[in-house]
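Heads up: the sequence shown begins at 267 in the working numbering, then just goes up one per residue.
For each residue, glycine too, the CB sits at the ideal point set by N, CA and C.
A quick note: this is a predicted structure, and the numbers were derived from the prediction, not measured.
Accompanying notes for the structure given below.
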Amino acid sequence: MSSFKACIFDLDGVITDTAHYHYLAWQRLASSVGVVFDQADNDQLKGVGRMESLEYILAKSDRVFSPAEKAVLAHQKNEDYKNLIREISPANILPGIREAFDWLKAERWKIGLASASRNAPQVIRSLGIADVFDYTADAGAIPNGKPAPDIFLDVARAFGLKGDECIGVEDAAAGVAAIKAAGMTAIGIGDASVLREADIILPQTDFLLENGLKLLAG
Ligand code: BG6
Ligand code: MG
Numbered sequence: 267m268s269s270f271k272a273c274i275f276d277l278d279g280v281i282t283d284t285a286h287y288h289y290l291a292w293q294r295l296a297s298s299v300g301v302v303f304d305q306a307d308n309d310q311l312k313g314v315g316r317m318e319s320l321e322y323i324l325a326k327s328d329r330v331f332s333p334a335e336k337a338v339l340a341h342q343k344n345e346d347y348k349n350l351i352r353e354i355s356p357a358n359i360l361p362g363i364r365e366a367f368d369w370l371k372a373e374r375w376k377i378g379l380a381s382a383s384r385n386a387p388q389v390i391r392s393l394g395i396a397d398v399f400d401y402t403a404d405a406g407a408i409p410n411g412k413p414a415p416d417i418f419l420d421v422a423r424a425f426g427l428k429g430d431e432c433i434g435v436e437d438a439a440a441g442v443a444a445i446k447a448a449g450m451t452a453i454g455i456g457d458a459s460v461l462r463e464a465d466i467i468l469p470q471t472d473f474l475l476e477n478g479l480k481l482l483a484g
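Below, the structure written as structure tokens:
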């Protein structure tokens with residue numbers, strides 16, 4: 267029998283392609299303050315919280331921004347992002363994710379959500395999968411963001427499980443680092459050069475069940 271009892275998912279870029287919408291919104295925000303923001307910058311920010319991401323972008327500017335200005339910019343980015351995800355529906359669930367959920371349920375593993383996004387509850391409702399999760403971490407209540415292990419440990423704690431009984435699935439370098447720091451097994455989805463620290467790296471979600479979960483379950 268498998269020693270794993272839970273699979274903890276990241277949301278943006280794993281369950282649905284909202285990572286792309288975060289990128290678009292950050293890029294527009296950066297350009298509004300005269301900062302160039304490219305794919306390499308975006309890879310640094312995947313999985314990173316809203317204010318930390320904003321700080322990263324503003325650090326590239328030669329202007330100094332007051333806390334009030336930062337609050338306005340963060341709000342602006344979030345409004346832009348919310349507009350981009352307004353039309354999200356179950357059709358936006360990435361390939362292979364439903365099959366993974368079905369298999370996990372059949373195997374009686376717990377399914378958790380560890381997203382840094384404060385929009386996560388809305389996104390999973392729009393995708394029609396809110397009831398799939400046995401526990402959803404509240405990003406606003408987690409003291410240290412990814413790459414700290416806190417959010418993954420919060421989910422494991424809610425399940426009464428140890429780190430080594432959980433698999434985490436991530437598309438972000440910061441997320442993979444968080445999973446490993448939590449003592450869990452990491453499946454990275456995406457670019458192998460970015461996700462080096464993961465135990466298994468898959469190019470896309472289609473492979474998650476056969477080449478990820480089933481392989482680890484043994
Ligand atoms: C993560 C995304 O899931 O959530 C980041 O990978 C994003 O790109 C972060 O910045 C915070 O999201 P939000 O929706 O709370 O601004
Ligand atoms: Mg992600």
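Proximal residues to residue i (C-beta, below 7 angstroms), its chain only, five neighbours per side dropped
i       : result
Leu-360 : Ile-281, Thr-282, Asp-283 and Thr-471
Tyr-289 : Asn-308
Gly-478 : Ile-453, Ile-466 and Leu-468
Ala-285 : Asp-278, Gly-279, Lys-312 and Asp-437
Leu-408 : The question names Leu, yet the displayed sequence has Ile at residue 408. The answer, listed in chain order, is Asp-416, Ile-417 and Asp-420.
Val-460 : Asp-309 and Ala-439
Residue nearest to residue i in terms of C-alpha spacing, selected from the options
i       : options                               : result
Asp-430 : Ala-439, Gly-441, Ala-448 and Ala-414 : Ala-448
Ile-445 : Ser-459, Gly-456 and Ala-422          : Ala-422
Asn-495 : Asn-410, Ala-452, Ala-386 and Leu-481 : For residue 495 there is no data in the structure shown, the boundaries of the chain being 267 and 484.
Glu-318 : Ser-268, Phe-270, Asp-278 and Ser-383 : Ser-383
Tyr-287 : Gln-388, Ala-337 and Lys-348          : Lys-348
Ile-274 : Leu-427, Ala-464 and Phe-418          : Phe-418
Gln-310 : Ile-408, Pro-413, Phe-473 and Ala-464 : Pro-413
Arg-462 : Trp-292, Ala-306 and Ala-443          : Ala-443
Phe-425 : Ala-296, Gly-394, Ile-323 and Asp-400 : Asp-400
Leu-370 : Val-398, Glu-335, Gly-300 and Pro-333 : Val-398
Ile-377 : Leu-427, Leu-350 and Phe-331          : Leu-427
Val-338 : Ala-272, Leu-295 and Ile-455          : Leu-295
Leu-324 : Val-299, Ser-392 and Asn-358          : Val-299
Residue range of the alpha helix (DSSP H) that includes residue i
i       : result
Ile-390 : 386-392
Val-421 : 416-425
Ser-480 : First, the amino acid is wrong: residue 480 is Lys here, not Ser. Element bounds for Lys-480: 480-483.
Endpoints, beta strand (DSSP E) assigned at residue i
i       : result
Leu-468 : 466-468
Val-435 : 432-436
Ala-440 : Where Ala-440 is concerned, there is no enclosing beta strand (DSSP E), although the alpha helix (DSSP H) it sits in stretches over 439-447.
Ile-408 : Taken as a continuous stretch (DSSP letters only), Ile-408 belongs to no beta strand (DSSP E), as it is neither H nor E.
Ala-452 : 451-455
Ile-377 : 376-379
Residues near residue i in its chain [Cβ-Cβ closer than 6 angstroms; skip 5 each side]
i       : result
Ala-438 : Lys-312 and Gly-313
Ala-396 : Ile-390
Leu-474 : Gly-362 and Ala-366
Sequence-distant residues of the same chain with beta carbon closer than 8 angstroms to residue i, five excluded per side
i       : result
Gly-484 : Ser-268
Phe-270 : Trp-375, Glu-431, Cys-432, Ile-433, Thr-451, Leu-482 and Ala-483
Proximity test, Cβ basis, 8 angstroms: residue i and chain C
i       : result
Ser-297 : Chain labels in this structure do not include chain C; a single protein chain is all it has.
Residue i: CB within 7 angstroms of a non-hydrogen atom of the ligand ZN
i       : result
Asn-344 : The model depicted lacks the ligand ZN and carries the ligand BG6 and the ligand MG instead.
Inset, instruction - For the region 341-372, list the alpha helix (DSSP H) runs that are entirely contained and at least 4 residues long, ordered along the chain. - result: Listed in chain order, they are 363-372.
Legend entry - Heavy atoms of the ligand MG versus C-beta positions, residues under 7 angstroms: For the ligand MG, the selected residues are Asp-276, Leu-277, Asp-278, Gly-279, Val-280, Ala-285, Lys-312, Gly-313, Glu-436, Asp-437, Ala-438 and Gly-441.
Inset, instruction - Within the region 270-319, note down every full alpha helix (DSSP H) run reaching 4 residues or more, in order along the chain. - result: List check, alpha helix (DSSP H) in window: 284-298 and 305-311.
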